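According to this note's numbering, the sequence shown is numbered sequentially starting from 151.
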Amino acid sequence: MARGCFIFPYEKIHFGSDIVIYGAGNVGVSYVKQLLRTGYCNIVAWVDRDYKSKSNRYHEVESPDSINTLTYDYVVVAVNGSNLGLQIVRSLSGKNVPDEKIIFEEDRYMPYEESDLTLDDLLEEDGRIKDLIEDFRKSQFRGLDFFVGIFKDIFNIDDKVKENNVRDRLAGIIKEYLKKETNIESKEIAIRLFFDIRRFDKECMQEAIDTADKVKNPSKKYWLISNISLLEFMYPESVYDDFYTEKRKLLIDVNNELLKGRCIPQITDINRKRVVILAQGLYGEDETLTKFISMYANELAKTDYDIHIVLEEPLLYYYGEAGVTPYGASSKTSKSFSDKIAFYLNKKVKVHFADEVPLEDRHYSSICKVIELAPQVILDMCAKHSFLTAELYKHFPVICVSTGHNCNASLFHKYICRGKKQCMEINKRFHSVEEDQMVELPVGTVFPKAKYAYIREDYGFVKEDFLLVIVGRRLEKDISEELAHETALMMNKYPEMKLLLVGSKTDIFEKKYPELNEKKQIIPWGYEKDLPSLYEICDVFINPDRTGGGWSITWAIGEGLPVLSTDFPNDCTPLLGELVVHGGYPAIMKEIEKMYLDREYHTKWKQRTLDSKTRCSFSTKIEKLIDVCNEISDNFENTVLDRR
């Protein structure tokens with residue numbers, strides 16, 4: 151009989167959230183066990199209608215009536231069955247629990263049969279790693295009482311530990327340990343510690359790559375490279391000069407090991423009107439990568455092309471932010487999951503799930519599926535998690551369509567970049583994309599319409615308020631001390647200016663400029679599902695020095711919201727054109743001041759923004775992409791020979 155468990159809805163809930171779990175049956179027990187092992191969320195309370203009969207060894211169960219007395223981010227309904235689940239959802243709404251805080255995801259049962267480690271084994275592994283870390287602490291830091299408090303609960307370092315010298319000294323000790331340690335498993339644990347103490351840097355990334363290179367088991371190597379990709383996303387400053395070329399070598403090694411002894415089918419007649427899109431997964435309409443892939447697929451489906459999406463890993467769940475990150479692969483994709491995907495894709499787009507369970511079989515079946523489809527061209531949209539192109543690159547022309555950074559570790563024949571000049575400049579350092587591979591196609595988007603009419607007064611704003619907005623998933627990193635300082639100077643000068651922080655939490659203003667919080671000039675907005683509607687009540691969009699942010703920027707342009715960006719080499723620099731302000735953040739603040747004092751000047755900025763909207767046309771981008779597809783397929787044989 152297949153083993154399995156009910157998977158907690160990680161994809162709907164932010165790491166570190168305070169949650170209430172409603173339901174203490176099999177689903178609730180499964181959720182609580184996972185959270186206790188992984189530390190992904192803080193369980194504020196566990197409630198059930200039959201709480202008196204639900205005693206267990208994991209956590210106290212209380213009456214649902216206690217919810218009204220609690221402070222929480224989400225209430226997670228942990229039951230199996232839509233009727234009961236929806237009944238509980240309605241009862242929570244009736245108890246004034248905000249709808250956006252109620253999470254109910256049905257059909258969460260996932261059978262598994264991993265190639266090496268089952269999901270349950272991996273969860274147990276997490277507990278074992280905690281024990282090993284404690285042993286590591288005792289053996290390496292004996293007598294150093296200074297660090298005991300930090301290691302007491304290494305996965306939940308108290309934010310009150312603010313002394314940076316503590317973390318720096320700890321990082322130095324672990325680095326010295328890594329120089330001497332030869333055991334691969336111990337090195338993995340030590341590398342994980344760098345993430346937990348928030349000191350992950352280039353040296354750590356080099357250690358992570360070197361460690362993955364020494365791992366013999368291809369399945370484990372696969373997971374480690376995926377972890378590295380996650381760290382690359384969260385700590386872009388940790389990417390060193392040879393990172394992409396060294397990671398590319400690892401991808402090739404994993405592919406060769408996974409396919410060892412297997413026969414690759416012969417390619418039949420190429421379909422000149424078929425495109426295959428490679429994706430790591432589609433996880434929900436609100437996910438950036440899903441929006442990116444579905445936008446391309448839906449627009450291409452309007453042409454006479456036959457569009458297929460091949461998913462290497464359709465069910466991907468994170469149980470932590472770094473280190474040993476468990477994956478779970480369903481033996482059969484649930485109908486509810488596939489229905490969700492179908493909901494936001496054109497009916498002409500066909501999605502192929504990798505239903506095989508052992509990693510080697512899943513990888514092989516995805517490659518065989520693409521060979522069976524025999525497309526004119528492959529669009530690789532796996533972002534940082536691309537494994538399939540290490541093999542498919544040999545058989546079909548591959549175009550890498552990047553989600554952001556102008557550099558990539560996958561294998562491809564052509565690389566779509568948002569600005570060739572910028573891409574060439576970046577690759578003077580990384581050497582991961584050749585100049586003759588670069589194809590410039592500036593960012594394009596399909597502009598969503600505002601769903602609601604937001605009214606300023608409903609949110610406590612008055613007519614005289616001048617609303618600035620910054621949007622991002624990494625505001626804690628995007629908002630530098632310089633940006634915060636320049637913004638604070640301007641807002642102290644003009645009390646009618648208010649700043650909306652839309653996205654992740656950041657406390658830089660609270661720490662450095664508490665007076666702005668007290669005067670409610672800083673508004674932590676949280677995540678916004680309807681950005682176009684929000685933009686309609688704002689006055690200026692500020693783009694921090696960062697890579698990424700394409701959706702928030704282009705949607706602001708679509709609404710005619712003045713967009714101000716420095717000349718920092720952003721992915722959207724080619725798109726922004728004259729919207730770029732030279733002179734850094736002080737120059738941006740001068741422009742904002744002029745717009746605030748002169749509304750006619752503000753209107754001109756709005757028009758300038760709308761004029762740039764034509765450069766964002768996604769249909770135009772698709773037309774150019776089709777031209778690239780035709781060109782690359784015509785020259786593919788010669789391209790392959792040249793590469794060899």
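Ideal Cβ placement from N, Cα and C applies to all residues, glycine included. In this text, all values refer to a predicted model and were calculated from it rather than measured experimentally.
Return the residue from the list T764, E353, K183 and L401 that minimises the CA-CA distance to T704.
T764
Tell me which residues share the same chain as I491 and place their Cβ nearer than 8 Å to its Cβ, disregarding the 5 neighbours each side in the sequence.
L432 and V501, listed in sequence order.
Suppose contacts are defined by Cβ-Cβ distances below 8 Å. Is L666 in contact with I672 by that definition?
yes
From the DSSP output, which residues share a beta bridge with N693?
S715
Let's see if you can read the secondary structure: which residues bound the beta strand (DSSP E) around Y224?
Y224 to V227
Tell me the DSSP secondary structure of E678 in three-state form.
coil
Is A600 closer than 8 Å to E678 when the C-beta atoms are compared?
no
Could you please give the first and the last residue of the uninterrupted beta strand (DSSP E) stretch that includes H502?
Counting along the chain, H502 sits inside the beta strand (DSSP E) bounded by residues K500 to H502.
Would you please state the rounded distance, in angstroms, between the beta carbons of Y208 and L186? I believe it to be under 8 Å.
6 Å
Could you check the C-alpha separation between I457 and S516 for me, to the nearest Å?
16 Å
Residue range of the alpha helix (DSSP H) that P664 falls in?
P664 to E668
Which partner residues does F141 have in the DSSP bridge list?
With the chain covering 151 to 794 only, the question about residue 141 has no answer from this structure.
Under a three-way DSSP split, which group does T475 fall into?
A caution first: T475 carries a pLDDT of 40, below 50, which makes its placement in the model unreliable, though a value can still be read off. Here T475 sits in coil by DSSP.
As an exercise, report each continuous beta strand (DSSP E) stretch of at least 3 residues that is fully enclosed by the region 184-259, in chain order.
192-197 and 224-227
Could you tell me whether the Cβ atoms of Y394 and F580 are closer together than 8 Å?
yes
Is there contact between the region 520-530 and the region 419-432, where contact requires at least three CB pairs shorter than 8 Å?
yes
Spell out the partners DSSP gives G653 in its beta bridges.
G622
By the three-class DSSP mapping on this structure, what secondary structure does D454 have?
coil
Determine, using beta carbons only, whether V404 and P368 come nearer to each other than 8 Å.
yes
In whole angstroms, give me the CA-to-CA distance for M739 and E338.
Going by the C-alpha atoms only, they are around 45 Å apart.
For a test of the three-state rule: what should DSSP assign to Q587, helix, strand or coil?
helix
Which value, in whole angstroms, describes the spacing of the CA atoms of V731 and E632?
16 Å
Can you round the beta-carbon distance between L711 and Y604 to whole angstroms, since I take them to be within the 8 Å contact cut?
L711 to Y604, Cβ: 13 Å. No contact.
My parser needs the alpha helix (DSSP H) runs of 4 or more residues fully inside the region 352-428; what are they?
As far as the region 352-428 is concerned, its whole alpha helix (DSSP H) runs of at least 4 residues are 352-364, 368-384 and 393-408.
Using CA coordinates, which residue listed in S702, L591, K662 and L639 is at the minimum distance from K624?
Per the sequence shown, residue 624 should be read as Arg rather than Lys. Checking every option, the nearest Cα to that of R624 belongs to S702.
Just mark L775 as buried or exposed, buried being the case when its beta carbon has 16 or more other beta carbons within 10 Å.
buried
Exposed or buried, what is V583 when buried is set at 16 or more other beta-carbons lying within 10 Å of its beta-carbon?
buried
Is DSSP giving D511 helix, strand or coil here?
helix
Cα separation between E210 and S232?
26 Å
What is the rounded straight-line gap between the Cα of D212 and the Cα of G173?
Looking at the sequence shown, residue 212 is not Asp but Glu. Between the alpha carbons of E212 and G173 lies a gap of roughly 10 Å.
Are M588 and C557 closer than 8 Å when you measure CB to CB?
no
Should the region 563-577 be regarded as contacting the region 635-653, the criterion being three or more beta carbon pairs within less than 8 Å?
No contact exists between the region 563-577 and the region 635-653.
Residues in the same chain with beta-carbon distance under 8 Å from V179, minus the five sequence neighbours each way, listed in chain order, please.
N206 and Y208
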